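As structure tokens, the structure follows; a few thoughts come after it.
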Amino acid sequence: MSEQNGLPTGKHTLVEEGTEFKGSLSSKCPIVVMGKVEGEVSGPVIHVTASGVIAGNVKVKELQSAGEVAGEVEADAVRISGKVRDKTVIRARSLEVSLTSSKGGMEVVFGECELSVGDEPNKEAAIAAASSAAPVEPAQAAKPAEARPAQQAPGKKGDAPAKAEGDDEGGGGGGKRRRATQPPPMS
């Protein structure tokens, strides 16, 4: 499919400006919406012009919209430069949002909507990735616990002054960050 002025050339399904279509629309060639389409829509590509509105369940490989989108959209690629109505759900592998000039300013309008971008998570792959991650070394996990005995409540008899991590006795802190006392523990 080649394009001229952002619209497909050659064979395509056209919903002209001033036309309202309600129901189920399925096409094997690109769909251009200049009017209003409500219902179930499927095809390879849907192009909604600035005057167009598409609302309902939309399943396509690619959606390009300079107009208004509402409902549930499932696509591989979505390019939006118009309006997205409230309660709209967009699921896509890639989402591109472009600013358009409106009333002297640049804007894209999103109502209350849900956007899901990227591949749908695979539970097995997530579990495998989590289990293959390097476990935290026990020595690293123990460092905060070793510092706690130095944070004793002030005023107890027999207390030794608190030492900062890294003070002699092999603290291993590198000596860069030293503190003579620790603040009292928060309750």
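Residue numbering for the sequence shown is 7 to 193, as defined by our numbering. All residues carry an ideal CB built from backbone N, CA and C; glycine is no exception. Remember, it's a predicted structure, so these values are computed and weren't measured experimentally.
- 7 Å Cβ shell around Gly77 - same chain, five flanking residues per side excluded: Ala61, Gly62, Asn63, Val64, Thr94
- Message: Tell me the DSSP secondary structure of Ala98 in three-state form.
- Response: Judged by DSSP in its simplified three-state form, Ala98 adopts strand.
- Message: Rounded to the nearest angstrom, what separates Gly73 and Lys34 at their Cα positions?
- Response: 22 Å
- Message: Let me confirm a value: Ser137 is counted as buried when at least 16 other C-beta atoms fall within 10 Å, else exposed. Which label applies?
- Response: exposed
- Buried or exposed: where does Gly58 fall if 16 or more other Cβ atoms within 10 Å of its Cβ makes it buried? buried
- Counted within 10 angstroms of its Cβ, other Cβ atoms place Ile96 as buried (16 or more) or exposed: buried
- Cutoff 8 Å; reference Phe27; Cβ partners in own chain excluding five residues on either side: Val21, Gly41, Lys42, Val43, Glu44, Gly45
- Query: Which value, in whole angstroms, describes the spacing of the CA atoms of Lys129 and Ser30?
  - Reply: 33 Å
- With a threshold of 8 Å, establish whether the CB of Thr55 neighbours any heavy atom of the ligand FAD. Absent from the structure shown: the ligand FAD. Ligands present: none.
- In terms of alpha-carbon separation, which member of Gly49, Val39, Val90, Ser48 lies closest to Thr55? Val39
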